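Heads up, the thing below is written out as structure tokens.
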Amino acid sequence: MRQFKGYIQVYSGEGKGKTTAAIGLTIRALGANLKVAFFQFFKPGTSSEVKILKKFSPQLYYKNFGKKGFVKNEVDLKTKKLILKGWKEIKELIKSKSYNILVLDEISYALNCEIIDLKEFLEFLKNKPENLEIVITGRDVPEEILEIADLVTEMKKIKHYYDKEVKSRKGIEE
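Numbering (this note's numbering), first residue to last: 38 to 211.
Next comes the structure, spelled out in structure tokens:
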């Protein structure tokens, strides 16, 4: 497995493109024969890009925890349990040191809802293997994470057709 210093990257903000940026980085890494663990929170794993990503197994390990649609209110107990099970799996998987890149797509919501403990997550980041690159995406990433991250990009919405109630389109947004 290739060795390099791994950094912590954050893609946050109200604009479109956070997951897209993480997927682009993932594809680039796969093209360079790096191993990627890609975890999606609050997503059902049915988007078009997931079909392609899964074809890269075992070089890419993909798992999702969630259900279709945006979570606007209280998170149900079943979803909380799925997320906590996933968080445990992530911590165990990283101990193996088998991956160059760990993508945590939309994990910020699990942190903001206090499903995953922020202090525990910060310790996880601070104690990550030196050669592991971690990519965090989601709206409202906690300030404590932004402070320790090495790269922070804010996706800013200037104009979006969702505001005109345009539904997501297969192959474009899903």
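Ideal Cβ positions, reconstructed from N, Cα and C, are used throughout, including at glycine. Fair warning: this is a prediction, and the values are worked out from it, not measured in the lab.
Q: In the DSSP assignment, find the unbroken alpha helix (DSSP H) run with K132 in it and report its ends.
A: Taking the sequence shown and counting its residues from 1, one reaches residue 132 at position 95. Start and end: L114 to K132.
Q | Beta carbon of K80 nearer than 8 Å to that of M192 | A | On the sequence shown, position 43 is the one that residue 80 refers to. On the sequence shown, position 155 is the one that residue 192 refers to. Their beta carbons are not under 8 Å apart, which means K80 does not touch M192 by this criterion.
Q) Of all the alpha helix (DSSP H) runs that stay within the bounds of the stretch 147-191, which reach a length of 4 or more residues? A) If one requires a minimum length of 4 residues, the alpha helix (DSSP H) runs lying completely within the stretch 147-191 are 155-163 and 180-185, in chain order.
**Q.** Close beta carbons around N149, own chain, < 8 Å, minus the five adjacent residues each side
**A.** Start at 1 with the first residue of the sequence shown, and residue 149 comes out as number 112. The beta carbon of N149 sits closer than 8 Å to the beta carbons of D177 and P179 from its chain, once the five residues preceding and following it are set aside; these are given in chain order.
(Q) Can you confirm whether K156, when its beta carbon is compared against all beta carbons of chain C, has any partner nearer than 8 Å? (A) Checking the listed chains, one finds no chain C in this structure; it contains a single protein chain.
Q. Would S28 be called buried (16 or more neighbouring beta carbons within 10 Å of its own) or exposed?
A. Only positions 38 to 211 of the chain appear in the structure, and residue 28 is not among them; the question remains open.
**Q.** When N101, G52 and Q40 are compared against K118, the one with the closest alpha-carbon
**A.** Against the sequence shown, residue 118 aligns to sequence position 81. Across the set N101, G52 and Q40, the C-alpha of N101 shows the shortest separation from the C-alpha of K118.
Q: Sort I152, V140 and K132 by Cα distance to L121 and report the nearest one.
A: Here residue 121 corresponds to residue number 84 of the sequence shown, with the count starting at 1. Ranking the options by Cα distance to L121, first place goes to I152.
**Q.** N- and C-terminal bounds of the beta strand (DSSP E) containing I138
**A.** Start at 1 with the first residue of the sequence shown, and residue 138 comes out as number 101. I138 to D142 is the span of the beta strand (DSSP E), which, as asked, contains I138.
Q) What number of angstroms, rounded off, separates the C-alpha of L155 from the C-alpha of E211? A) Indexing the sequence shown from 1 puts residue 155 at position 118. Indexing the sequence shown from 1 puts residue 211 at position 174. Between L155 and E211, the alpha-carbon positions lie close to 29 Å from each other.
(Q) Judging by CA-CA distance, which residue of T190, E181 and L139 is the nearest neighbour of Y99? (A) In the sequence shown, the residue the question calls residue 99 occupies position 62. The candidate whose alpha carbon is nearest that of Y99 is L139.
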